[in-house]
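Protein sequence lines correspond, in order, to chains L and S. Sequence positions in the first sequence follow the numbering used here and run 1 to 388. Sequence positions in the second sequence follow the numbering used here and run 389 to 776. For each residue, glycine too, the CB sits at the ideal point set by N, CA and C. Structure first, then comments.
Protein chains: 2
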Amino acid sequence: MRNIAVVGTHQTKFGELWDKSLRDLAVEAGLGAIKNSGLEKSQIQALYVGNMSAGRFVGQEHLGALIADNLGLKGVPATRCEAACASGSVAFRDAYFAVASGDIDAALVVGVEKMTDIHGSGVLTTLAAAGDQEWEASMGLTFAGLYALMARKHMHDFHTTREQMAQVAVTNHKNGLKNKLAQFQMAITLEDVLTSTMIADPLRLLDCSPITDGGAAVVITSEDLAKKLGGQPIYVLGTGKGTDTIALHDRKSYTELLSTKLAARRAYEQAGLRPQDIDVTEVHDCFTINEIIAMEDLGFVEKGKGGKFVEDGEIDINGSVPTNTCGGLKVCGHPVGATGVRQIAEIVQLLKGECFNPINGAEIGLNLNIGGSGATAVVNIFGKEPKV
Amino acid sequence: MRNIAVVGTHQTKFGELWDKSLRDLAVEAGLGAIKNSGLEKSQIQALYVGNMSAGRFVGQEHLGALIADNLGLKGVPATRCEAACASGSVAFRDAYFAVASGDIDAALVVGVEKMTDIHGSGVLTTLAAAGDQEWEASMGLTFAGLYALMARKHMHDFHTTREQMAQVAVTNHKNGLKNKLAQFQMAITLEDVLTSTMIADPLRLLDCSPITDGGAAVVITSEDLAKKLGGQPIYVLGTGKGTDTIALHDRKSYTELLSTKLAARRAYEQAGLRPQDIDVTEVHDCFTINEIIAMEDLGFVEKGKGGKFVEDGEIDINGSVPTNTCGGLKVCGHPVGATGVRQIAEIVQLLKGECFNPINGAEIGLNLNIGGSGATAVVNIFGKEPKV
Chain L
1 MRNIAVVGTH QTKFGELWDK SLRDLAVEAG LGAIKNSGLE KSQIQALYVG NMSAGRFVGQ
61 EHLGALIADN LGLKGVPATR CEAACASGSV AFRDAYFAVA SGDIDAALVV GVEKMTDIHG
121 SGVLTTLAAA GDQEWEASMG LTFAGLYALM ARKHMHDFHT TREQMAQVAV TNHKNGLKNK
181 LAQFQMAITL EDVLTSTMIA DPLRLLDCSP ITDGGAAVVI TSEDLAKKLG GQPIYVLGTG
241 KGTDTIALHD RKSYTELLST KLAARRAYEQ AGLRPQDIDV TEVHDCFTIN EIIAMEDLGF
301 VEKGKGGKFV EDGEIDINGS VPTNTCGGLK VCGHPVGATG VRQIAEIVQL LKGECFNPIN
361 GAEIGLNLNI GGSGATAVVN IFGKEPKV
Chain S
389 MRNIAVVGTH QTKFGELWDK SLRDLAVEAG LGAIKNSGLE KSQIQALYVG NMSAGRFVGQ
449 EHLGALIADN LGLKGVPATR CEAACASGSV AFRDAYFAVA SGDIDAALVV GVEKMTDIHG
509 SGVLTTLAAA GDQEWEASMG LTFAGLYALM ARKHMHDFHT TREQMAQVAV TNHKNGLKNK
569 LAQFQMAITL EDVLTSTMIA DPLRLLDCSP ITDGGAAVVI TSEDLAKKLG GQPIYVLGTG
629 KGTDTIALHD RKSYTELLST KLAARRAYEQ AGLRPQDIDV TEVHDCFTIN EIIAMEDLGF
689 VEKGKGGKFV EDGEIDINGS VPTNTCGGLK VCGHPVGATG VRQIAEIVQL LKGECFNPIN
749 GAEIGLNLNI GGSGATAVVN IFGKEPKV
């Protein structure tokens, strides 16, 4: 399989964007990434769109053709890919295979979600469609509820503390303070998290990523084309995807995700790397407990010791595994279809040294994007040098 | 790019299936195709699901992981792909690139839609989400309405007659009479079509494909693996996808689809074939006018002469281009996410000589699957011998 590089990235402002439509966000992200890549629009040979639920959020399916049309890419093959909150990463992977196969040399990946146009509790019932509709959503189990079960079991089995989970939020808010594109720019304290409104015991408001509108995009090309563009290409060294049961109650464990472990194993194998080789990560902190579980499932720390790992500052910008250094889902916001693409864009910018929080000497980055309560996970590993 | 073959197919009964859920249909189709392929379930390395709108039809997104789980394929990478009524074909293409890239050797593609569980007019508003929500659906323009505009313009510009359109339905009903998996098994006359209920002038009830539940699946592998299985692999000789503007009013022409022309050009080029080399086709007759336009855009007959082409019997089983020989969307039914995969399964079975309506000596088959009012089109060309 030939080498593939990310050559362009762009992200819109994330937030409650009342004056922007789904297509506005997709177009802004897509055109920005093409411009950033140095490619002409006519060189884009395929479009992949990551989106979870525009059909329910804004009454629009068929986003591939819609966004190709609105981007001025009429005619170009276009597909929308979906895996709940991992939609952005599965779109990235399908674009990756199209270029890797040799069928095309350049593809645009746009992740987008417009979540704030739906009325009342519609956003929660729509998000619940990422879980098992027949066995979870129909019983009233929301996503905060699902992750609360995972959090409670992690606390029970491993003595993970409320404070350790809260520390994830505190760290991510600190990281994102200067992130102008993030939904929030505010420092919070442990006390703030621990006294915020209870959402689903033990998770409180400040343990949860918000409801967000936003778009992000990346352009990928073959190594040959990337080298002609003159910039610093960031290469895909490995990519893995895994699944787990859709319903939580069917799993052997509530405290680890089989999907992440399978995706990580595959990505590490392809890249020929181990966890200790990773310089910086973006992981899926939809709820604080998930960042702790992610650190364990990615192999950065032993199962059960993720809480202590966070408490000891290992995920801090100056820690052993700088994580969510731009704020993560918690602070950037979580427009579900866009999140995976934003993560990839952040890692690419970090490795290029273009991030507001520089990670000096970072050569290898990883992103973990999770769908639903972990029924899908995608892990990608990126580096400044191509695989040989 | 290495050669890819279809090695297994299966289709569920299509119809109003009150006793089957989305997951029942997906599992029946998927397990059937794996069994038909001769592969062990453990050899399936990825799942691609074609589905337009389960989020709206049955409140369930995240179908990749859901169906992997229900198929007993837990852990296997899974993605849901969507391009409205072309969702099945875009899923097929993404599976194709994953295998062609060399990342995996075998993938399962499941197309599925459960349309009859939604209340009242919900099915029409959901289908309208395949068009432009802001400029078409929100104005009340349904899909029958969109295709009625195309039909009226075709009649105006080329003197295509009501009878010629009706002949498409008559022919497809005749072809599907013995199709036990089809939604309908009944002969109809021109008179029946011409006196059926008006839906959107000039299209009447019997010009329209129905609302349907159903699933279809195919297994694809590398050429090497296909040859080890011992059956007759059917090879993918070419595949193309194209897009057009999402809204009809933005197009230069209402009587041809840019998307089909681009997809066909690419597929013919890849296959090194011309329209006259095609022995049998499955095309997207969601409305009768669309089969006439398809014949023109695929190059079987000059633009404007499609009506006469049908009238002259050229699409009949004994005609020059046997088309929809199992009944097409009109008779099989049109579970939107399943249709593209059903078409591929039919072509494969036809080339293997396993169809109830044999096309003697057929070596090369083509399917055309269209999304929305033509904003997406996919053309695949299949043959009994691999490309050299």
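Query raised in the report: In this structure, does DSSP put Asn768 of chain S in helix, strand or coil?
Result: What you label residue 768 of chain S is simply residue 380 of the second sequence in a count that begins at 1. Shown here, Asn768 of chain S sits in a strand according to DSSP, grouped into three states.
Requested in this report: Pick helix, strand or coil for Leu582 of chain S, following the three-state DSSP scheme.
Outcome: Looking up residue 582 of chain S in the second sequence gives position 194. Looking at Leu582 of chain S - three-state DSSP - the assignment turns out to be helix.
Query raised in the report: In whole angstroms, what separates the C-alpha of Asn560 of chain S from that of Val709 of chain S?
Result: Locating residue 560 of chain S in the second sequence gives position 172, counting from the first residue. Locating residue 709 of chain S in the second sequence gives position 321, counting from the first residue. Put simply, the backbone Cα of Asn560 of chain S is about 13 Å away from that of Val709 of chain S.
Query raised in the report: Taking the continuous beta strand (DSSP E) assigned at Gly8 of chain L, which residues delimit it?
Result: Numbered from its first residue, the first sequence carries residue 8 of chain L at position 8. It spans Ile4 to Gln11 - the beta strand (DSSP E) in which Gly8 of chain L sits, taken as one unbroken run.
Query - Chain-ordered chain S contacts of Ser101 of chain L [CB-CB under 7 Å] - result: Translated into the one-based positions of the first sequence, residue 101 of chain L becomes position 101. Residues of chain S with a Cβ closer than 7 Å to the Cβ of Ser101 of chain L are, in chain order, Met389, Phe485, Ala488 and Ser489.
Report task. Kindly indicate which residue of S:Leu427, S:Tyr656, S:Arg639 and S:Cys596 has the alpha-carbon position closest to the one of Gly618 of chain S. Result -> Walking along the second sequence from the start, residue 618 of chain S turns up at place 230. The option with the nearest alpha carbon to Gly618 of chain S is S:Leu427.
Query raised in the report: Beta-carbon of Glu644 of chain S versus every beta-carbon of chain L: anything under 7 Å?
Result: Taking the second sequence and counting its residues from 1, the one referred to as residue 644 of chain S is at position 256. It does not: the Cβ of Glu644 of chain S has no partner Cβ on chain L nearer than 7 Å.
**Report entry** Cα-Cα separation, Ala635 of chain S to Gln133 of chain L
**Finding:** Position 247 of the second sequence, counting from 1, holds the residue named residue 635 of chain S. Position 133 of the first sequence, counting from 1, holds the residue named residue 133 of chain L. Cα to Cα, Ala635 of chain S sits roughly 32 Å from Gln133 of chain L.
Report task. Give a yes or no on contact between the segment 723-730 of chain S and the segment 600-611 of chain S, applying the rule of three or more CB pairs nearer than 8 Å. Result -> The segment 723-730 of chain S, when compared against the segment 600-611 of chain S, does touch it at the 8 Å Cβ threshold.
Requested in this report: Report the residue ranges of all beta strand (DSSP E) runs contained in full by the segment 199-223 of chain L; include only those spanning at least 3 residues, in chain order.
Outcome: Complete beta strand (DSSP E) runs here, min 3: 214-222.
Query raised in the report: Using the beta-carbon of each residue, which ones in chain L are nearer than 8 Å to Asp632 of chain S?
Result: One-based indexing of the second sequence puts residue 632 of chain S at position 244. Among the residues of chain L, those whose CB is under 8 Å from the CB of Asp632 of chain S are Ala65, Asp69, Lys74 and Gly75, following chain order.
Query raised in the report: In chain S, which residues lie less than 8 Å from Leu146 of chain L when you measure between Cβ atoms?
Result: Residue numbering aside, residue 146 of chain L sits at position 146 when the first sequence is read from its first letter. In chain order: nothing, as chain S lies at least about 13 Å away.
**Report entry** Within chain L, partners of Met440 of chain S - CB distance below 9 Å
**Finding:** Here the question's residue 440 of chain S lines up with position 52 in the second sequence. Here the neighbours are Gly55, Glu61 and His62.
Query raised in the report: Are Gly337 of chain L and Gly88 of chain L touching if we call contact CB-CB under 7 Å?
Result: Residue mapping note: residue 337 of chain L aligns to position 337 of the first sequence, counting from 1. Residue mapping note: residue 88 of chain L aligns to position 88 of the first sequence, counting from 1. For the 7 Å CB-CB criterion, Gly337 of chain L and Gly88 of chain L form a contact.
Report task. Note down the Cα distance separating Val607 of chain S from Ile492 of chain S, rounded to an integer number of angstroms. Result -> Start at 1 with the first residue of the second sequence, and residue 607 of chain S comes out as number 219. Start at 1 with the first residue of the second sequence, and residue 492 of chain S comes out as number 104. When rounded, the separation of the alpha-carbon atoms in Val607 of chain S and Ile492 of chain S is 13 Å.
Query raised in the report: Is any beta-carbon of chain L found at less than 7 Å from that of Val500 of chain S?
Result: In the second sequence, the residue the question calls residue 500 of chain S occupies position 112. Cβ-Cβ to chain L under 7 Å: no for Val500 of chain S.
Query raised in the report: Between the beta-carbon of Ala516 of chain S and the beta-carbon of Thr530 of chain S, is there less than 7 Å?
Result: Translated into the one-based positions of the second sequence, residue 516 of chain S becomes position 128. Translated into the one-based positions of the second sequence, residue 530 of chain S becomes position 142. For Ala516 of chain S and Thr530 of chain S, yes; Cβs fall inside 7 Å.
Report task. Can you check DSSP and say which residues form a bridge with Thr631 of chain S? Result -> Counting from 1 along the second sequence, the entry for residue 631 of chain S is found at position 243. Per DSSP, the beta-bridge partners of Thr631 of chain S are S:Thr764.
Query raised in the report: Between Lys629 of chain S and chain L, is there a C-beta pair that is closer than 7 Å?
Result: Working through the second sequence from its first residue, we reach residue 629 of chain S at position 241. True, the Cβ-Cβ gap to chain L drops below 7 Å.
Query raised in the report: Quick one: any contact between the segment 309-325 of chain L and the segment 167-184 of chain L, if contact means 3 or more CB pairs under 8 Å?
Result: Contact between the segment 309-325 of chain L and the segment 167-184 of chain L is established, with three or more Cβ pairs separated by less than 8 Å.
**Report entry** Proximal chain L residues relative to Leu650 of chain S, where beta-carbon distance stays under 7 Å
**Finding:** Counted from its first residue, the second sequence places residue 650 of chain S at position 262. The answer, in chain order, is Gly75.
**Report entry** For Ile234 of chain L: DSSP bridge partner residues
**Finding:** On the first sequence, position 234 is the one that residue 234 of chain L refers to. As a beta-bridge residue in DSSP terms, Ile234 of chain L pairs with L:Val6.
Requested in this report: Give the interface partners of Glu470 of chain S over in chain L, defined as CB-CB distance under 8 Å, in chain order.
Outcome: Counting from one through the second sequence, the residue named residue 470 of chain S turns up at place 82. Correct list: Glu61, His62, Leu63, Gly64, Thr79, Arg80, Cys81 and Glu82.
Query raised in the report: Relative to the alpha-carbon of Met155 of chain L, which residue among L:Gly304, L:Lys178, L:Gly374 and L:Arg266 has its alpha-carbon at the smallest distance?
Result: To locate residue 155 of chain L, count along the first sequence from 1; it is residue 155. When only C-alpha atoms are compared, the closest one is L:Gly304.
Query raised in the report: Per DSSP, what kind of secondary structure is Phe675 of chain S in: helix, strand or coil?
Result: Sequence index remark: in the second sequence, residue 675 of chain S carries index 287 (1-based). DSSP places Phe675 of chain S in the strand class (E or B) of the three-state scheme.
Query - Cutoff 7 Å; reference Ser584 of chain S; Cβ partners in own chain excluding five residues on either side - result: The residue labelled residue 584 of chain S in the question sits at position 196 within the second sequence. Listed in chain order, the non-local C-beta contacts of Ser584 of chain S below 7 Å within the same chain comprise Arg592, Leu593 and Leu594, local neighbours out to five positions each way being set aside.
Query raised in the report: In terms of DSSP beta bridges, what is Tyr48 of chain L paired with?
Result: Numbered from 1 along the first sequence, position 48 holds the residue referred to as residue 48 of chain L. Paired residues: L:Thr79 and L:Val109.
Requested in this report: Measure from the C-beta of Thr376 of chain L to each C-beta in chain S and report whether the shortest distance is under 7 Å.
Outcome: Here residue 376 of chain L refers to the residue found at position 376 of the first sequence. So, interface residue.
Report task. Could you name the residues of the same chain whose beta carbon sits closer than 6 Å to that of Thr467 of chain S, not counting the 5 residues immediately before and after it, in chain order? Result -> Position 79 of the second sequence, counted from the first residue, corresponds to residue 467 of chain S. For Thr467 of chain S, same chain residues with a beta-carbon under 6 Å away, outside a window of 5 residues either side, are Tyr436 and Gly452 in chain order.
Report task. Measuring only between beta-carbons, confirm whether Gly396 of chain S sits less than 7 Å from chain L. Result -> As a first step, residue 396 of chain S is located in the second sequence; it is residue number 8 there, counting from the start. So no, Gly396 of chain S is outside the interface.
Query raised in the report: Given 8 Å as the limit, is there contact between the segment 569-588 of chain S and the segment 398-411 of chain S, that is, 3 or more CB pairs closer than that?
Result: Three or more Cβ pairs drawn from the segment 569-588 of chain S and the segment 398-411 of chain S lie within less than 8 Å of each other, which places the two stretches in contact.
Query raised in the report: Are any of the Cβ atoms in chain L nearer than 7 Å to that of Gln731 of chain S?
Result: Locating residue 731 of chain S in the second sequence gives position 343, where the first residue counts as 1. Chain L contact via Cβ: absent.
Requested in this report: Kindly list, in the order they appear in chain L, the residues whose Cβ is closer than 7 Å to that of Gly759 of chain S.
Outcome: Residue numbering aside, residue 759 of chain S sits at position 371 when the second sequence is read from its first letter. Chain-ordered, the chain L residues with CB closer than 7 Å to the CB of Gly759 of chain S read His62 and Ala65.
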